[in-house]
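A short write-up of the structure that comes next.
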Amino acid sequence: MSSAPPEVVFSNDVRNMDEWARRTGIPLTSADALGINYARARRWLLSLKKQLVQQYGWRDVVPLDSRMLFSIECTPPHRSSGGIPRTPNMRLQIPLNASSFFSPDRRVQWEMVFHSAVFPYMRHTVTPISDLLHLLQCLLTGILVLVKEERVPNEGVYRTIRGLPPIEWVSSHEQILTEIFGPSHYRALFRAASDKRIAFRLEHERSARARADQDLVLSLRRSSARVDHQLSFYHECSRSLPELKLPTWTPTLTIGMPHLSQAFRDLSSVGRDVSRPVKTHKFIHELATPRQPLLDDPSINKNGTFNPFHGFNFTGSLRPVYPLSPPRTVPDHIGKPDYAENGRIVGFVRHVKMAIRAGQPPRILTPEEQEKMRKVCKLAREVLDIAASYVRPGITTDDIDAVVHQACIERNAYPSPLNYRHFPKSVCTSVNEAICHGIPDQRKLIEGDILNIDVTLYYDGFHGDLNETYAVGRIDDDSKKLIRIARQCLDEAIMLCKPGALFRDLGKTIEPIARANGCSVVRTYTGHGINDLFHCSPNVPHYAKNKAIGTMKPGMIFTIEPMINLGSNWDEVHWPDNWTATTVDGKKSAQFEETLLITETGVEVLTAGKPREL
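Take the position in the sequence shown, starting the count at 1, then add 549; the result is the number in the working numbering.
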């Protein structure tokens, strides 16, 4: 069996849009509506162009056609031993109007871009390119598709076509996609992308032998249970079962044939070889997951680890070290938050932002709920202290993740970060210039690093959240000062908390401390309410002159978690993993976080070693 790498295929045939509209249930977009949606997406397209120029070294070029929103190009990443590029420059031109996609000239341009030799590599390593492809798949459903071909001896060619972006991408970009398409269109898009039988289509070109054999019908004496097992297996497509033998028509049954009766009607056309082992490579997984580097890729280390974002303009010396270990499992008997299954926070993010803008007060917890919060916060503190005891040179952040995960399970608690908006790990580990949301990987901690461990537990229906920054072995004086100032900023802010205090006043205390010591306060991320929701109102900024709404009242529970950078630059740059935020100048960042309960007389630090009144 031979296979070709997935290709992006562009077609300006409107009939393809009609077909995919029927498949997906997404209303067929009229010309006027397509123009409006494309205009709404223009800001995102320009933002992606800016990322490519600033972070990936692309450059503006004069377009051959004046009807372009932008035209940029980059040199190919692969070069010969003499430093000569192995392929021509890759050029990307986005038209000003959606109607340009349906002209013959535009089809040629898209084929030149997406069928270039370097595109399969860049699609998996350059996040803006991937985002651009997925956005256009949403705008032009059926016009822009991914095609994977597998040639099976004596059977012909199986062609798998994916017309929609991965569900993880659709979910993580809910807000901006809703702004572009509207709520009803987004809901239809989400439903279609989450069903592989809709998002994928299978075509089969039979070989001469297969056509000659189509009068032979396979025996249907297999039990229905075995057939059901074969159907469900391909849906789940586990890569850990390489020896399992499946019939050659399993993909056909799964994609495009939702009913068993239809599958039986088509059995006559699949040939006789029903015991051929299915390779561990599953082509749907190749379409959906990041590509592993080639064996001769210079970014691969001798131990098999590699940097997945080769070509990204990192701001400091920190690099991701892949492959990531698989997400860890949680026993069925442990209670799980709503997002544990599919990573989606249904309606919560939008609801919280609307509540904050409308000035609605944060939730007041009952005495019984407060007691549950005390319990989960106490457990979270225990887990963080256990993780901290393992911090030393030579250990990897993935090792820390394993320790945290096991400690949560031993306490019958769920590690809240796991699958939260598809976060792949059970804890956030941010090293050196990483501000927050670092993904645990295979990088070994070294002497002089600083490491923030952010632990959140879900137990008995409630979340408890805290983090601290630790020295790895001996650290320099600047790092010592940074950690000390970050802790001081948090402690001074906690001292202000009491009934009647304004949330916006916390930043007035935090930022002057940081500035007086040559540091800056990150503005992008804030403290937050926490209870049975991981994140909710109130919004708690850590910088001065903010416009946070609300006063503190007994029964409110929230976090304060200032992120302090060395130097005067508080802004951040995100890695292509869409999680890790780093300082723009590569300088180190430190953070401390506690979960707090406002009492009748002051504040209780729920995540302290022992709850205390201040």
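Positions of the beta carbon are idealized from the N, C-alpha and C atoms, including for glycine.
| Check | Outcome |
| --- | --- |
| Go through its chain and collect everything with a Cβ distance to Leu601's Cβ below 7 Å, but skip five positions before and after it. | Trp607, Ile621 and Pro677 |
| Below 8 Å, can you find three or more Cβ-Cβ pairs linking the stretch 958-969 to the stretch 881-896? | yes |
| Please classify Asp887: does DSSP put it in a helix, a strand, or coil? | helix |
| To test your reading of the DSSP string, which unbroken beta strand (DSSP E) runs of 3 or more residues are found completely within the stretch 1049-1132? | 1068-1070, 1076-1078, 1085-1089, 1106-1109, 1112-1115, 1121-1123 and 1130-1132 |
| Can you check which of these residues, Ala647, Thr573 and Val675, is closest to Lys599 by C-alpha distance? | Val675 |
| Do the CB positions of Thr1018 and Ile1032 come within less than 8 Å of each other? | yes |
| If we require 3 or more residues per run, which beta strand (DSSP E) segments fall completely within the stretch 669-737? | 693-701 and 705-711 |
| For His1091, collect the residues of the same chain with a Cβ closer than 6 Å to its Cβ; drop the 5 residues on either side in sequence, then sort them by chain order. | Gly1056, Ile1059, Val1070 and Pro1111 |
| So, for Thr1144: in the same chain, excluding its five sequence neighbours on each side, which residues have a beta-carbon less than 7 Å away from its beta-carbon? | Cys926, Gly1013, Asp1014, Leu1015, Ile1079, Ile1106, Thr1108, Leu1155 and Thr1156 |
| Under a Cβ-count criterion, where at least 16 other Cβ atoms within 10 Å of its own Cβ denotes burial, should His1077 be classed as buried or exposed? | buried |
| Taking C-alpha atoms, which residue in Glu717, Pro732, Leu726 and Glu723 lies nearest to Asp744? | Glu717 |
| For Gln686, count the other beta carbons within 10 Å of its own beta carbon; 16 or more makes it buried, fewer makes it exposed. Which is it? | buried |
| Taking the beta strand (DSSP E) that Pro644 falls in, what are its first and last residues? | Met639 to Pro644 |
| Using the Cβ count rule (16 or more neighbours within 10 Å means buried), how would you classify Met1044? | exposed |
| Tell me the rounded alpha-carbon separation between Trp1128 and Asn981. | 15 Å |
| As a quick exercise: from Thr709, Pro1103, Val1133 and Trp1124, pick the residue whose alpha carbon is nearest that of Asn1114. | Val1133 |
| Would you call the stretch 980-995 and the stretch 869-878 touching, i.e. three or more CB-CB distances under 8 Å? | yes |
| Please identify the residue among Tyr587, Cys977 and Ala929 whose C-alpha is closest to the C-alpha of Thr532. | An answer regarding residue 532 cannot be provided, because it is not within the stretch 550 to 1163 covered by the chain. |
| Leu1051 and Thr1131: beta carbons closer than 8 Å? | no |
| At what residue ranges does the stretch 586-630 contain a whole run of the beta strand (DSSP E), taking only runs of 3 or more? | 617-623 |
| I need the DSSP call for Phe946, collapsed to helix, strand or coil. | Correcting the residue identity first, residue 946 is Thr in this sequence and not Phe. Reduced to three states, the DSSP call for Thr946 is helix. |
| In whole angstroms, give me the CA-to-CA distance for Glu1041 and Lys1030. | 16 Å |
| Taking the alpha-carbon positions, what's the Leu751 to Ala647 distance? | 28 Å |
| Tell me which same chain residues have a C-beta within less than 7 Å of the C-beta of Pro973, skipping the five on either side of it? | Leu873, Pro876 and Ile988 |
| If you run the structure through DSSP and keep just helix, strand and coil, what is Gln919? | helix |
| With a threshold of 16 other CB atoms inside 10 Å of the CB of Asn1088, please say whether the residue is buried or exposed. | buried |
| From the DSSP secondary-structure annotation, give me the bridge partner or partners of Arg750. | Ile710 |
| Got a sec? Which residues, its chain only, sit under 6 Å from Lys921 by beta carbon, not counting five neighbours each side? | Asp1009 and Phe1011 |
| I'd like the span of the alpha helix (DSSP H) that includes Gln1037, first residue to last. | Asp1026 to Leu1045 |
| Applying the criterion that 16 or more other CB atoms from any shown protein chain within 10 Å of the CB defines a buried residue, is Val952 buried or exposed? | buried |
| Whole angstroms is fine: what's the gap from Pro880's alpha carbon to Ile958's? | 8 Å |
| In whole angstroms, what is the alpha-carbon distance linking Arg1053 and Ile1147? | 16 Å |
| Return the residue from the list Leu1039, Gly1116, Thr1073 and Cys1085 that minimises the CA-CA distance to Ala1065. | Gly1116 |
| Spatial neighbours of Ile710 within its chain, please: CB distance less than 6 Å, with the 5 preceding and 5 following residues excluded, ordered by chain position. | Val694, Val696 and Arg750 |
| When you compare only the Cα positions, how much space is there between Ala837 and Leu713? | Its pLDDT being 40, under 50, Ala837 is placed unreliably by the model, and the measurement read from it follows with that caveat. The straight-line gap from Cα to Cα measures roughly 11 Å. |
| Starting from Phe858, trace the beta strand (DSSP E) in both directions and tell me its first and last residue. | Per DSSP, Phe858 belongs to no beta strand (DSSP E) and is neither H nor E. |
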